[in-house]
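There are 2 protein chains.
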Amino acid sequence: MKEIKIQEVMPRDGLQNEPLFVPTEKKVDLINRLSQSGVSKIEVTSFVSPKAIPNLKDAEDVMTRIDRNPNVIYSTLVPNLKGAERAVQCKVDEINLLVSASNTHNLENVRRTTSETFDNFNKLIDYLSDYDVILNGSLGTTFGCPFEGHIPQDRIFELVESYLKLNVKGITLADTTGMATPNQVYDLCSELINRYPEANFTLHFHNTRGMGLANVLEGIRAGITQFDSSLGGVGGCPFAPGASGNICTEDLVHMLHFMGYQTNVDLDLIINISKQLQDVLQHELPGQIIKAGKITDLHNSSISN
Amino acid sequence: MKEIKIQEVMPRDGLQNEPLFVPTEKKVDLINRLSQSGVSKIEVTSFVSPKAIPNLKDAEDVMTRIDRNPNVIYSTLVPNLKGAERAVQCKVDEINLLVSASNTHNLENVRRTTSETFDNFNKLIDYLSDYDVILNGSLGTTFGCPFEGHIPQDRIFELVESYLKLNVKGITLADTTGMATPNQVYDLCSELINRYPEANFTLHFHNTRGMGLANVLEGIRAGITQFDSSLGGVGGCPFAPGASGNICTEDLVHMLHFMGYQTNVDLDLIINISKQLQDVLQHELPGQIIKAGKITDLHNSSISN
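Residue numbers (UniProt numbering), protein chains in the order written: chain L, 1 to 305; chain P, 1 to 305.
Given below as structure tokens:
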């Protein structure tokens with residue numbers, strides 16, 4: 001029985017797309033409950049400019065108010081040196097760096113070329129050498145870019161090697177706008193695991209085009225055991241209004257459990273927290289299990305015999 | 001490159017769940033366009049009592065008014081002898097029979113035990129022996145029943161054999177309420193193909209719990225090449241209000257095409273027909289591709305270089 005680690009990204013990747021500000025105490029309460037659910041990591045927030053992402057303007061407050069479970073890695077996205085300073089002040093466990101595989105996407109996202117972003121990582125890592133913090137490197141648009149289209153495998157190898165040269169071994173392959181196909185996931189992940197056995201890969205999928213859970217299974221088949229997902233499937237992409245967001249944590253855990261995988265996650269509890277999230281966000285979430293129930297939730301028949 | 005046949009069930013399985021009556025001429029127009037899209041089969045309607053399913057009360061009108069493409073099999077669901085008489089009068093190509101693997105579900109659905117349903121099939125097939133019509137046998141709740149839960153494989157073997165004894169070789173394994181898991185699909189389908197090489201299996205999935213496309217890929221891996229799907233993902237289940245319906249035709253074709261499979265379906269055309277369906281039904285459809293676009297639909301960057 002294979003063990004799969006579930007890494008919850010709702011508080012950052014999910015909430016950054018929400019139109020209404022979620023009050024700090026509601027974020028803290030959701031994260032505290034998630035800390036008890038069995039997920040291995042929580043991406044708590046992002047230390048970006050409050051102007052850039054208003055919903056995460058309370059990054060320090062959230063990060064310092066939550067109850068920390070020693071079995072959970074509390075990670076935050078950090079875009080620059082200022083963000084790193086804020087993150088270490090809050091004693092985060094992990095800092096998540098982000099660069100897009102697509103140069104055009106990186107320019108759109110942070111107004112820097114990918115090589116400028118790596119120069120920036122250098123300074124940031126120099127600064128962080130004094131602190132006890134894990135580094136994770138995310139690679140956006142790994143499976144396709146909404147501007148450039150397909151990203152050649154060689155480009156991914158080059159960027160994975162750039163992270164490894166910085167001694168960043170936790171590497172998240174992110175399908176930022178939901179363009180990955182299952183066979184592409186299998187092929188690329190098999191090749192990466194083969195080439196870079198020292199790396200510790202995570203897959204981060206969006207369900208934008210309905211292939212999210214199929215992509216997870218092909219990732220597992222290739223040997224990946226860590227997956228990002230978002231409670232209720234919140235998240236999303238400005239290019240696909242109305243489409244699904246990140247793959248949904250409870251839908252993912254539900255599928256994996258009933259396939260015989262072990263995730264350490266309490267399925268009933270996360271379904272419950274997802275319903276709480278739906279109340280907080282005041283709109284329907286893309287997740288299916290909160291609507292349909294588990295496959296073991298049976299109904300009473302009206303037939304007497 | 002493997003060829004996969006796409007069988008469109010929107011006009012029957014999709015529309016039977018719609019609250020508002022879809023005018024006959026709109027049904028005919030949608031079916032006529034689907035006939036030109038490359039799907040191999042269309043389930044046009046059901047010859048049930050108009051009281052049971054009001055949206056299909058115009059079964060004869062729809063079936064006789066559509067333009068028939070000789071490359072498409074026009075199928076209709078038939079629950080009884082009266083339905084069979086109506087179907088042959090309309091010169092359908094195929095009659096689709098339905099029994100649930102779960103006895104409780106069959107009682108709920110048609111107020112008959114499964115063995116009473118097979119007795120009924122006997123009479124119906126006697127009557128149809130004078131007509132040139134293909135027979136297909138659907139097996140509802142194959143992958144689980146919302147009342148009984150898991151259905152043992154032996155029960156599926158028994159019912160597949162019952163169909164084969166009646167010389168019904170086209171057999172549709174239907175996941176009526178979206179309970180199938182990918183490994184279950186692979187295991188059962190591999191076993192069925194191995195045991196009954198004379199049968200011609202179709203898989204019919206609902207995306208109720210988000211596993212629909214993952215289940216298709218495991219069906220293909222087991223050797224199945226025919227899949228039912230519904231335009232826009234319409235359809236659904238009274239036990240899962242708000243959850244996804246049948247797997248979505250354009251999402252399925254999109255995934256298969258970009259994985260290198262051949263389906264004969266014109267993807268752009270079915271996306272277009274799905275948008276037309278959304279206008280007709282006047283509510284948002286569960287399909288993702290009509291919202292997100294194809295993975296090859298790129299966007300212009302605001303960055304000049």
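Virtual Cβ for every residue (Gly too), placed ideally from N, Cα, C. In this text, all values refer to a predicted model and were calculated from it rather than measured experimentally.
Would you please state the rounded distance, in angstroms, between the beta carbons of Pro23 of chain L and Ile42 of chain L? I believe it to be under 8 Å. Along the first sequence, one-based indexing puts residue 23 of chain L at 23. Along the first sequence, one-based indexing puts residue 42 of chain L at 42. About 18 Å; that fails the 8 Å criterion.
For Tyr163 of chain P, does the count of other Cβ atoms within 10 angstroms reach 16, so buried, or fall short, so exposed? Position 163 of the second sequence, counted from the first residue, corresponds to residue 163 of chain P. The residue in question, Tyr163 of chain P, is buried, as its Cβ has 16 or more Cβ neighbours within 10 Å.
Give a yes or no on whether the minimum CB-CB distance between Asn120 of chain P and chain L is below 7 Å. Indexing the second sequence from 1 puts residue 120 of chain P at position 120. No, Asn120 of chain P lies away from the interface with chain L (no Cβ there is under 7 Å from its Cβ).
Does the Cβ-Cβ distance between Met259 of chain P and Asn183 of chain L come in under 7 Å? In the second sequence, the residue the question calls residue 259 of chain P occupies position 259. In the first sequence, the residue the question calls residue 183 of chain L occupies position 183. Yes. Within cutoff.
Which complete beta strand (DSSP E) runs does the segment 129 to 163 of chain P hold, if anything under 3 residues is left out? 134 to 140
Please list, in chain order, the residues of the segment 237 to 256 of chain P that have any C-beta partner in chain L closer than 9 Å. Cys237, Phe239, Ala240, Pro241, Gly242, Ala243, Ser244, Ile247, Cys248, Asp251, Leu252, His254 and Met255
Decide if Asn246 of chain P is buried, meaning its Cβ has at least 16 other Cβ atoms within 10 Å, or exposed. Working through the second sequence from its first residue, we reach residue 246 of chain P at position 246. Classification of Asn246 of chain P: buried, given that the 10 Å Cβ count is 16 or more.
Could you please tell me which residues of the segment 138 to 160 of chain P, in chain order, have their CB closer than 7 Å to any CB of chain L? Gly144, Pro146, Phe147 and Gly149
So, at 6 Å on beta carbons, what are the nonlocal neighbours of Ala222 of chain L in its own chain, with the 5 sequence-adjacent residues on each side left out? Along the first sequence, one-based indexing puts residue 222 of chain L at 222. Around Ala222 of chain L: Tyr186, Cys189 and Ser190.
Would you kindly work out how many angstroms separate the C-alpha atoms of Asn200 of chain P and His206 of chain L, rounded to a whole number? Here residue 200 of chain P refers to the residue found at position 200 of the second sequence. Here residue 206 of chain L refers to the residue found at position 206 of the first sequence. If you take the alpha carbons of Asn200 of chain P and His206 of chain L, they lie about 35 Å apart.
Tell me the rounded alpha-carbon separation between Asp119 of chain P and Ser49 of chain P. By 1-based counting over the second sequence, the position of residue 119 of chain P is 119. By 1-based counting over the second sequence, the position of residue 49 of chain P is 49. Near 20 Å, if we compare the C-alpha coordinates of Ser49 of chain P and Asp119 of chain P.
By how many angstroms is the C-alpha of Arg209 of chain L removed from the C-alpha of Met179 of chain L? Residue mapping note: residue 179 of chain L aligns to position 179 of the first sequence, counting from 1. Residue mapping note: residue 209 of chain L aligns to position 209 of the first sequence, counting from 1. Approximately 7 Å between the Cα atoms of the pair.
Return the chain-ordered list of same chain residues with a C-beta closer than 8 Å to the C-beta of Lys2 of chain L, the five sequence neighbours on each side being excluded. Within the first sequence, residue 2 of chain L is the residue found at index 2, counting from 1. Excluding positions up to five away in sequence, the list reads Ile220, Thr225, Tyr261 and Gln262.
Distance cutoff 7 Å, beta carbons only. Does Ala222 of chain P sit that close to anything in chain L? Here residue 222 of chain P corresponds to residue number 222 of the second sequence, with the count starting at 1. Not closer than 7 Å to any Cβ of chain L, the Cβ of Ala222 of chain P fails to qualify, so no.
Taking Asp251 of chain P as the reference, give the member of P:Pro238, P:Ile271, P:Gly235 and P:Ala240 with the closest Cα. In the second sequence, residue 251 of chain P corresponds to position 251, counting from 1. Nearest C-alpha to Asp251 of chain P: P:Ile271.
Lys2 of chain P (DSSP reduced to helix, strand or coil): Your numbering for residue 2 of chain P matches position 2 in the second sequence. It is coil, neither helix nor strand.
Please state if the CB of Asn194 of chain L and the CB of Gly170 of chain L are separated by a distance shorter than 7 Å. As a working note, residue 170 of chain L is residue 170 in the first sequence. As a working note, residue 194 of chain L is residue 194 in the first sequence. No, they are not a contact pair.
If Val133 of chain L and Ile95 of chain L are in contact, beta carbons under 8 Å, what's the gap, nearest whole angstrom? As a first step, residue 133 of chain L is located in the first sequence; it is residue number 133 there, counting from the start. As a first step, residue 95 of chain L is located in the first sequence; it is residue number 95 there, counting from the start. Sure, about 6 Å apart at Cβ, within 8 Å.
Considering only the beta carbon of each residue, do Gly14 of chain P and Phe47 of chain P sit closer than 7 Å? Along the second sequence, one-based indexing puts residue 14 of chain P at 14. Along the second sequence, one-based indexing puts residue 47 of chain P at 47. Not in contact: Gly14 of chain P and Phe47 of chain P (Cβ atoms no closer than 7 Å).
Bridge-paired residues (DSSP) for Asp228 of chain P: The sequence position of residue 228 of chain P within the second sequence is 228, counting from 1. P:Gln7 and P:His204, per the DSSP bridge assignment.
Give me whichever residues DSSP pairs with Val99 of chain P in a beta bridge. Your numbering for residue 99 of chain P matches position 99 in the second sequence. According to DSSP, Val99 of chain P bridges with P:Leu139.
Can you tell me the Cα-Cα spacing of Val92 of chain L and Leu203 of chain P, whole angstroms? Numbered from its first residue, the first sequence carries residue 92 of chain L at position 92. Numbered from its first residue, the second sequence carries residue 203 of chain P at position 203. Roughly 48 Å between the two C-alpha positions.
Identity of the residue in P:Leu213, P:Glu116, P:Asn71 and P:Asn106 nearest Arg244 of chain P by Cα: Within the second sequence, the letter at position 244 stands for residue 244 of chain P. For clarity, residue 244 of chain P is Ser in the given sequence; the question names Arg instead. Of the candidates P:Leu213, P:Glu116, P:Asn71 and P:Asn106, the one whose C-alpha sits nearest the C-alpha of Ser244 of chain P is P:Leu213.
Any idea what DSSP makes of Ser35 of chain P, helix, strand or coil? Along the second sequence, one-based indexing puts residue 35 of chain P at 35. In the structure shown, Ser35 of chain P sits in a helix (DSSP, three-state: H, G or I).
State the DSSP-derived secondary structure class of Thr76 of chain L, mapped to helix, strand or coil. One-based indexing of the first sequence puts residue 76 of chain L at position 76. Looking at Thr76 of chain L - three-state DSSP - the assignment turns out to be strand.
Whole-angstrom Cβ separation of Phe239 of chain P and Ser301 of chain L, contact assumed at under 8 Å? On the second sequence, position 239 is the one that residue 239 of chain P refers to. On the first sequence, position 301 is the one that residue 301 of chain L refers to. Actually they are not in contact, since the Cβ atoms of Phe239 of chain P and Ser301 of chain L sit about 12 Å apart, beyond 8 Å.
Does chain C have any CB closer than 7 Å to the CB of Gln288 of chain L? Looking at the structure shown, chain C is missing, and the protein chains on hand are L and P.
What is the DSSP secondary structure of Asn55 of chain P, reduced to helix, strand or coil? For the purposes of this step, residue 55 of chain P is identified with residue 55 of the second sequence, where counting begins at 1. It is helical.
Where Met179 of chain P meets chain L, residues with beta-carbon distance less than 8 Å: Taking the second sequence and counting its residues from 1, the one referred to as residue 179 of chain P is at position 179. Chain L residues near Met179 of chain P: Ile295.
If we call anything under 7 Å between Cβ atoms a contact, is Cys248 of chain P one with Gly235 of chain P? Within the second sequence, the letter at position 248 stands for residue 248 of chain P. Within the second sequence, the letter at position 235 stands for residue 235 of chain P. Cβ distance not < 7 Å, so Cys248 of chain P and Gly235 of chain P don't count as in contact.
Alpha-carbon to alpha-carbon, Asp126 of chain L and Thr181 of chain P: Locating residue 181 of chain P in the second sequence gives position 181, where the first residue counts as 1. Locating residue 126 of chain L in the first sequence gives position 126, where the first residue counts as 1. Those two C-alpha atoms are separated by around 47 Å.
Mapping DSSP to helix, strand and coil, what is Val265 of chain L? Here the question's residue 265 of chain L lines up with position 265 in the first sequence. In this structure, Val265 of chain L counts as coil in the three-state DSSP scheme.
Which of the three DSSP states is assigned to Gly170 of chain L in this structure? Counting from one through the first sequence, the residue named residue 170 of chain L turns up at place 170. Correct three-state label for Gly170 of chain L: strand.
Residues of chain P with CB under 9 Å from Asp108 of chain L, in chain order? The residue labelled residue 108 of chain L in the question sits at position 108 within the first sequence. Note that residue 108 of chain L is Glu in the sequence shown here, rather than Asp. What Glu108 of chain L touches in chain P: Ser301, Ser302 and Ile303.
Who are the neighbours of Leu267 of chain P on chain L, taking C-beta pairs under 7 Å? Along the second sequence, one-based indexing puts residue 267 of chain P at 267. Within chain L, no residue comes near Leu267 of chain P; the closest Cβ sits about 12 Å away, beyond 7 Å.
In this structure, what does DSSP give as the bridge partners for Ser46 of chain P? The sequence position of residue 46 of chain P within the second sequence is 46, counting from 1. Answer is P:Leu77.
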